[in-house]
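Q: Numbering (the working numbering), first residue to last: 727 to 895. Built from N, CA and C at the ideal position, the CB exists for glycine as well.
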């Protein structure tokens, strides 16, 4: 008899359940509140800035993390860790971004990152070129499938518009 089958028979003989589910309170949420995400970023040396010096999700001048996906936060932290660069988030889930498609800012999949020589060099050297987006942004794709768009908006500052599909860089 295989060890897994033997263990199942033993557990059943003891009258114990064969499987258990964690209580809902023990399951990690898919998204963070602003305070939760800010705490994670702060703990890992990721900074953020806001032109309005605020975090209100309903104000486009703010940088909000309300509803940001855990995998997006993990991806930003992984980028900081692997690149050894300063990473500053300049936009999160606040209104004012494109509302096209599933993988967008307000759904918690995207952040904008401040452009630095260190970050530019790391992204261009370690991620493969993936063409150009419809708005002219040059695209780079990480080995894990995340997309980094070098965005030059008509108004606002040059930045990396990053879509995180998973918690890797």
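Would you tell me roughly how many angstroms separate the C-alpha atoms of residue 819 and residue 788, rounded to the nearest one?
A: Walking along the chain shown from the start, residue 819 turns up at place 93. Walking along the chain shown from the start, residue 788 turns up at place 62. Near 9 Å, if we compare the C-alpha coordinates of residue 788 and residue 819.
Q: Is DSSP giving residue 888 helix, strand or coil here?
A: Start at 1 with the first residue of the chain shown, and residue 888 comes out as number 162. Note: residue 888 maps to strand in three-state DSSP.
Q: Once DSSP output is grouped into helix, strand and coil, what is the label at residue 878?
A: The residue given as residue 878 occupies position 152 in the chain shown. The answer is coil: DSSP assigns residue 878 none of H, G, I, E or B.
Q: Which residue wins for smallest C-alpha separation from residue 850, given the options 829, 873, 780 and 835?
A: Taking the chain shown and counting its residues from 1, one reaches residue 850 at position 124. Closest by alpha carbon: 873.
Q: By a C-beta neighbour count over all protein chains shown, 10 Å radius and 16 as the cutoff for buried, is residue 779 buried or exposed?
A: Position 53 of the chain shown, counted from the start, is the residue given in the question as residue 779. Residue 779 should be labelled exposed.
Q: Taking the C-alpha atoms as reference points, what is the distance between residue 813 and residue 877?
A: Position 87 of the chain shown, counted from the start, is the residue given in the question as residue 813. Position 151 of the chain shown, counted from the start, is the residue given in the question as residue 877. About 16 Å.
Q: Rounded to whole angstroms, what is the Cα-Cα separation between residue 867 and residue 890?
A: Locating residue 867 in the chain shown gives position 141, where the first residue counts as 1. Locating residue 890 in the chain shown gives position 164, where the first residue counts as 1. Each residue's Cα considered, the two are about 10 Å apart.
Q: Exposed or buried, which one is residue 747 when buried takes at least 16 other CB atoms within 10 Å?
A: On the chain shown, position 21 is the one that residue 747 refers to. Because the pLDDT of residue 747 is 47, which lies under 50, any placement of that residue in the model is unreliable, and the question is left without a value.
Q: Which residue from 822, 839 and 841 puts its Cα closest to that of residue 832?
A: Start at 1 with the first residue of the chain shown, and residue 832 comes out as number 106. That would be 822, whose Cα lies nearest to the Cα of residue 832.
Q: Could you name the residues of the same chain whose beta carbon sits closer than 8 Å to that of residue 803, not counting the 5 residues immediately before and after it, in chain order?
A: Indexing the chain shown from 1 puts residue 803 at position 77. Correct list, in chain order: 766, 767, 770 and 772.
Q: For the beta strand (DSSP E) containing residue 838, name the first residue and the last one.
A: Translated into positions along the chain shown, residue 838 becomes position 112. Residue 838 -> beta strand (DSSP E) spans 836–840.
Q: Can you tell me the Cβ-Cβ gap for residue 871 and residue 892, rounded? I've got them flagged as a contact below 8 Å.
A: The sequence position of residue 871 within the chain shown is 145, counting from 1. The sequence position of residue 892 within the chain shown is 166, counting from 1. Their Cβ separation, rounded to whole angstroms, is 7 Å, which keeps residue 871 and residue 892 in contact under 8 Å.
Q: Between which two residues does the beta strand (DSSP E) carrying residue 854 extend?
A: Within the chain shown, numbered from 1, the residue matching residue 854 stands at position 128. Its beta strand (DSSP E) spans residues 854–858.
Q: Is it the case that the Cβ atoms of residue 764 and residue 791 are separated by a distance below 8 Å?
A: Here the question's residue 764 lines up with position 38 in the chain shown. Here the question's residue 791 lines up with position 65 in the chain shown. It is a contact, given that the beta carbons lie within the stated cut-off.
Q: Run through DSSP, which three-state label would residue 795 get?
A: Along the chain shown, read from residue 1 onward, the residue named residue 795 stands at position 69. Note: residue 795 maps to strand in three-state DSSP.
Q: Using DSSP's beta-bridge definition, name the partner residues of residue 845.
A: For the purposes of this step, residue 845 is taken as the residue at position 119 of the chain shown. Paired residues: none, contrary to the question.
Q: Compare the Cα-Cα distances from residue 911 to each of 848, 846 and 875 and report the closest residue.
A: Nothing about residue 911 can be reported from this structure: the residues present for the chain run from 727 to 895 only.
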